[in-house]
Structure formats: C-alpha cells, structure tokens
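Q:
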Amino acid sequence: MKDHFTDVSFPRRVFRENLPLALELKKVIWKYAEAVREKEKCETIKIMNFCGTHEWTTTRYGLRDMLPPFLNIVAGPGCPVCVTPAHYINAAMKLAQDGFRVYTYGDALRLRSTRSDHPGSLEEAKADGGNVKVVYSFLDAVKESRADGKESVFLGIGFETTAPSSALALQEGMVPENLKLLSVLRLTPPVMKYTIKLYQDRGLLPIRGVIAPGHVSTIIGASEWRFLSEKHGLPTVVAGFEPIDVLMAVAQILQMLKERKPDTKIEYRRLVSWEGNIYAKEAIDSVFDKTCAAWRGIGFIPMSGLRLKDKFFDRYDALKHFGLPDLAPSQFIYTNAHHGIPWKHDLPPKCRCGEVVFGIARPTDCPMFMKNCYPLRPWGPCMVSSEGVCNIWARSTSGRPSD
Ligand code: SF4
C-alpha cells in the first residue's frame, strides 16, 4: 500500500464524499485480498468489526458490496445496550414503579425485562406511571437530583467511553447522596479476548483481523489492543467511523496478512493515541474496581465490568442502597439448542443475539428478524439500540443485507 494512506500529513479528506479515494482503496483491497487468498489457499477471510458504529458504517454505506465476496466482515460485541443483562432492567423497572426516579439513556428505554410479574421495558414502565427520565449523561442526572433532592438512580450502561463521566463526578464529590449508581459499565478488551477463545473452542472459521473501536480507544488508548497482534497474531487497526476509515482499516489489515506481519495500528489518528486519555483512565481507576461481570447473551467474563470501590460503593451503589440482589452466575445459565452448544444468557425465546454479537449468526438467520422483532418493537436486545446489529440491519437494509 502506498505510504500516503497511513501518513497523517497526507492531505486526505476522510469523509464520505471522497469517492476517488474510496475507489482507490477498493482496488487495493481487492488486490490484497486476492493475494492473501492465493497465498493461504483459503476460501474466506473473516474480519471483525468490533464496534456497533463500525457495523453501522459498513452496512449503511454498503461497503460489503464493494468488497470481494470471499471477504467476510462480521459484527462484534461492541454494543453496550445489547449486552446489558435483563436483571438490571428488572431492577430499574422495580425502582421506577416504586416511585424512585430512574435516569437512563434513550437507547436503553426499550430493553425488555424478564420479570414474570411485569414483563416489558422501562418505556412501558414509564407509560404506566413509573418515574423514568431520559438523560444524555450522568452529569444531567447529577444536576437534576442535586436540585430536587429526590431519591434517584442512574442506570449506568456503557463501555469505557461512558465510565469517565461517572468517575469524574464521583471523584470530584459532585454527586449528591440522593443519587445512586446502578453500574452496568463493561470493558471491551476482555470481551475481545473472550471472543477469540470462543472461536477457538468451537472450531469456528477464525477471525483474521480486527477493526478495533475508535471511540473506546480515545479513552483506553490503542496499546490496549496490542495483545491481538502480539499474542494472537491478528492484524488490528483502530479505525474511525467514516466509510473511508473502515475501508482504510480493511486495506491495512489485508496488507499485514499479505506480508505476514501482524501489528496493531491506529488509523483514527485524528483522535486516538497509544496511551489514551490518561486523566480519564486515572479517574476510572480511582473510583472503580474491575470485576467479573455478566454480559447478556454471553455469560460472565472475568475482569470485564466496573464496580464502585468500597468507599464509593457504600454510599452510591444502587443495588446495595435499595437492598436488591446483584446477578449471580447461577441465575444466568440455561441451554440454547443452536449448534447443540450450551449457552449462558438471558435472551427471549428464539432470539439469537448471543450469536449475532459474535458474528456467528447474521440477523437474517434469526426467525424473528423483521417478523416479530423490528426497531419499533424489539424482541431481543440487538434490535433495541442504534448500535445493535439487528437494529442496524433492519434500518439500513429493510431486512435485505448485502451479504
Ligand atoms: Fe434477537 Fe431480534 Fe435480532 Fe432475532 S432479530 S437475534 S430476536 S434482536
């Protein structure tokens, strides 16, 4: 590949209207992909889009149609709403119905609970008179609960990008005692490690490269993804979210495969550095401990969640304050017949999100897709958020994805 593709000083326009660059990249991708296929005598080359926003770019702009048919870009588990266990939605709904105010992001409103006494979602709880309020950030909840003094809970769903706002507010002593945190914050490198192991354990066609998340990497730094190339030999590119960014990442991954020189690279240099945001990382470390945590459709993953440190936990943890139990592994296990393999998850019947988030199944492989499950009335969690793979495919392709 020409050096100028990766040279930040090259005056390229990385935005969607740069058709000449897109076409040039398309040629490079085809050339490299053919070379890899020839060299390795393989029928398919699989690359994972870790992040829901990359999946959106890939699907919305029809990038799969530009790529060789044997180059399979699959979705990854990078959608925090999709992997939020129903247990925490159940808890939030109960609190809202008991009259406590529950602050949440709009994306999480339609996540379904598994409560037998009151199935539904926070949206339905709100329609029934529950005290649910949508906010854009934890700081909005802080400001409002300070002003009105009401007993409130913030449903903290998110990855490393969301954690710093909660951490900084707690660290700076800005959070009033009447606002509690229900932490469903999750960490992305552990789930990527889990994904690789899952593919190995199940003998699935291996992932050959990873497009690593851009937004998360602005916080944690690209160095956190080095294990992919150093330990697993997987070319990895931290990419931005314009179509050109994704094409550039695919080209770089194929170049590394062709040359058999796996490495971790930053394509999204306009925002991402190797070390990330030191200030944000220190804030997270000073407020949270890493803990074994549950992922919906997946199970418990070691060191993949953020729990308030003891000095904050006693004052601000919502489950402790309201006397609600946390999720235990024994509540999270049952067997799903797909592939005849036991899965640990809490998905509604027939929902295949547990496979969709690993790129093992496509949304169109699910019998519910666009029949009983669609964006206005999601059945499974991957249809809820704009970052969920099923939601993206439903909105972008009218149920007719390009591959
Ligand atoms: Fe789950 Fe709906 Fe996607 Fe099927 S279409 S996997 S039910 S979210």
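Here the working numbering is used: the first residue of the sequence shown is 167, the next is one more, and so on.
All C-beta atoms, glycine included, are put in the ideal place defined by N, C-alpha and C.
None of these values were measured; they are calculated from a predicted model.
(1) Going by the DSSP bridge assignment, what does L347 pair with across the sheet?
(2) List the DSSP bridge partners of K456.
(3) Just to confirm the assignment: which complete beta strand (DSSP E) runs, minimum length 3, are found wholly within the stretch 354-404?
(4) If you drop the 5 nearest sequence neighbours on each side, which residues of the same chain put their C-beta closer than 6 Å to that of C556?
(5) According to DSSP, is S562 helix, strand or coil?
(6) Taking Cβ to Cβ, would you say T280 is nearer than 7 Å to V350?
(7) Within the stretch 194-277, note down every full beta strand (DSSP E) run reaching 3 residues or more, in order along the chain.
(8) To which residues of the same chain is R312 closer than 6 Å at the C-beta, ignoring the five residues directly before and after it?
(9) Taking three-plus beta-carbon pairs below 8 Å as touching, is the stretch 325-336 in contact with the stretch 294-301?
(10) Comparing C-alpha positions only, which one of V240, D429, F304, M469 sits nearest to I213?
(11) Which value, in whole angstroms, describes the spacing of the CA atoms of S562 and R226?
(12) Residues in the same chain with beta-carbon distance under 7 Å from A459, minus the five sequence neighbours each way, listed in chain order, please.
(13) Taking the continuous beta strand (DSSP E) assigned at K537, which residues delimit it?
(14) Give the DSSP-derived three-state secondary structure of V550 in the structure shown.
(15) Three-state secondary structure (DSSP) at R312?
(16) Evaluate the contact criterion for the stretch 206-225 versus the stretch 436-449: three or more CB pairs, one atom per stretch, below 8 Å.
(17) Can you give the Cα-Cα distance for A560 and R543, rounded to whole angstroms?
(18) Could you tell me whether the stretch 257-266 touches the stretch 285-295, where touching means 3 or more Cβ pairs closer than 8 Å?
(19) What are the partner residues of V298, as DSSP defines its beta bridges?
(20) Is it true that the CB of L420 sits closer than 7 Å to the CB of A199?
(21) Taking its Cβ as the centre, do 16 or more other Cβ atoms sit within 10 Å of Q418, making it buried, or is it exposed?
(22) Which term fits D480, buried or exposed, when burial requires 16 or more other beta carbons within 10 angstroms of its beta carbon?
(23) In or out: P495 buried (at least 16 other Cβ within 10 Å) or exposed?
(24) Between the beta-carbon of L321 and the beta-carbon of A252, is there less than 7 Å?
(25) Is the beta carbon of M259 within less than 6 Å of some heavy atom of the ligand SF4?
(26) Within this structure, are the beta carbons of A484 and V357 separated by less than 7 Å?
(27) Can you tell me whether K431 is helix, strand or coil according to DSSP?
(28) Going by DSSP in three states, S279 sits in which element: helix, strand or coil?
(29) Can you give me the C-alpha to C-alpha distance between Y365 and A274, rounded to a whole angstrom?
(30) Taking just the CA atoms, how far does L233 sit from H487?
(31) Rounded to a whole number of angstroms, what is the C-alpha to C-alpha distance between L277 and W461?
(32) Which one of D231, P246, A201, E209 has the shortest CA to CA distance from E553?
(33) Short check: CB of P409 to CB of T223, under 7 Å?
(34) Please state if the CB of D429 and the CB of M422 are separated by a distance shorter than 7 Å.
(35) Tell whether a beta-carbon distance below 7 Å holds between A335 and V308.
(36) Could you spell out where the alpha helix (DSSP H) holding I410 opens and where it closes?
A: On the basis of the coordinates in this document:
(1) On the sequence shown, residue 347 is found 181 positions in, with the first residue counted as 1. Paired residue(s): F320, D483.
(2) In the sequence shown, counting from the first residue as 1, residue 456 sits at position 290. Partner(s): L472.
(3) 375-378, 402-404
(4) Position 390 of the sequence shown, counted from the first residue, corresponds to residue 556. Cβ within range, chain order: P529, C548, M549.
(5) To locate residue 562, count along the sequence shown from 1; it is residue 396. Helix at S562.
(6) Counting from 1 along the sequence shown, the entry for residue 280 is found at position 114. Counting from 1 along the sequence shown, the entry for residue 350 is found at position 184. The answer is no: Cβ separation not under 7 Å.
(7) 211-217, 237-244, 267-270
(8) Residue mapping note: residue 312 aligns to position 146 of the sequence shown, counting from 1. Excluding residues within five positions, the ones whose Cβ falls inside 6 Å are P342.
(9) no
(10) Here the question's residue 213 lines up with position 47 in the sequence shown. Residue V240 is the option with its Cα nearest to I213.
(11) In the sequence shown, counting from the first residue as 1, residue 562 sits at position 396. In the sequence shown, counting from the first residue as 1, residue 226 sits at position 60. C-alpha separation (whole angstroms): 5 Å.
(12) On the sequence shown, position 293 is the one that residue 459 refers to. Excluding positions up to five away in sequence, the list reads R352, F466, I467, S470, G471.
(13) Here residue 537 is taken as the residue at index 371 of the sequence shown, counted from 1. Per DSSP, K537 belongs to no beta strand (DSSP E) and is neither H nor E.
(14) By one-based count along the sequence shown, residue 550 stands at place 384. Looking at V550 - three-state DSSP - the assignment turns out to be coil, as it is neither helix nor strand.
(15) In the sequence shown, counting from the first residue as 1, residue 312 sits at position 146. In this structure, R312 counts as helix in the three-state DSSP scheme.
(16) no
(17) What you label residue 560 is simply residue 394 of the sequence shown in a count that begins at 1. What you label residue 543 is simply residue 377 of the sequence shown in a count that begins at 1. For A560 and R543, the distance between alpha carbons rounds to 12 Å.
(18) yes
(19) The residue labelled residue 298 in the question sits at position 132 within the sequence shown. Beta-bridge pairing links V298 to V268.
(20) Here residue 199 is taken as the residue at index 33 of the sequence shown, counted from 1. Here residue 420 is taken as the residue at index 254 of the sequence shown, counted from 1. The answer is yes: Cβ separation under 7 Å.
(21) Here the question's residue 418 lines up with position 252 in the sequence shown. Per the 10 Å Cβ criterion, buried.
(22) One-based indexing of the sequence shown puts residue 480 at position 314. Exposed: under 16 other Cβ atoms inside 10 Å.
(23) To locate residue 495, count along the sequence shown from 1; it is residue 329. Flag for P495 reads exposed.
(24) Translated into positions along the sequence shown, residue 321 becomes position 155. Translated into positions along the sequence shown, residue 252 becomes position 86. No.
(25) Reading the sequence shown from its first residue, position 93 is the one you call residue 259. Incorrect: M259 has no Cβ contact closer than 6 Å to the ligand SF4.
(26) Within the sequence shown, residue 484 is the residue found at index 318, counting from 1. Within the sequence shown, residue 357 is the residue found at index 191, counting from 1. The answer is no: Cβ separation not under 7 Å.
(27) Within the sequence shown, residue 431 is the residue found at index 265, counting from 1. Three-state result, K431: strand.
(28) Within the sequence shown, residue 279 is the residue found at index 113, counting from 1. Residue state, collapsed to three classes: coil.
(29) Sequence index remark: in the sequence shown, residue 365 carries index 199 (1-based). Sequence index remark: in the sequence shown, residue 274 carries index 108 (1-based). Those two C-alpha atoms are separated by around 29 Å.
(30) For the purposes of this step, residue 487 is taken as the residue at position 321 of the sequence shown. For the purposes of this step, residue 233 is taken as the residue at position 67 of the sequence shown. So the alpha carbons of these two residues sit roughly 52 Å apart.
(31) Residue numbering aside, residue 277 sits at position 111 when the sequence shown is read from its first letter. Residue numbering aside, residue 461 sits at position 295 when the sequence shown is read from its first letter. Looking at the two C-alpha atoms, the distance is approximately 14 Å.
(32) In the sequence shown, the residue the question calls residue 553 occupies position 387. It is P246 whose Cα lies nearest to the Cα of E553.
(33) As a position in the sequence shown, residue 409 is number 243, starting the count at 1. As a position in the sequence shown, residue 223 is number 57, starting the count at 1. Yes.
(34) Position 256 of the sequence shown, counted from the first residue, corresponds to residue 422. Position 263 of the sequence shown, counted from the first residue, corresponds to residue 429. Yes, the pair counts as a contact, with Cβ atoms nearer than the cut-off.
(35) Along the sequence shown, one-based indexing puts residue 335 at 169. Along the sequence shown, one-based indexing puts residue 308 at 142. Contact flag set, yes.
(36) The count along the sequence shown starts at 1 and reaches residue 410 at position 244. Its alpha helix (DSSP H) spans residues 409-425.
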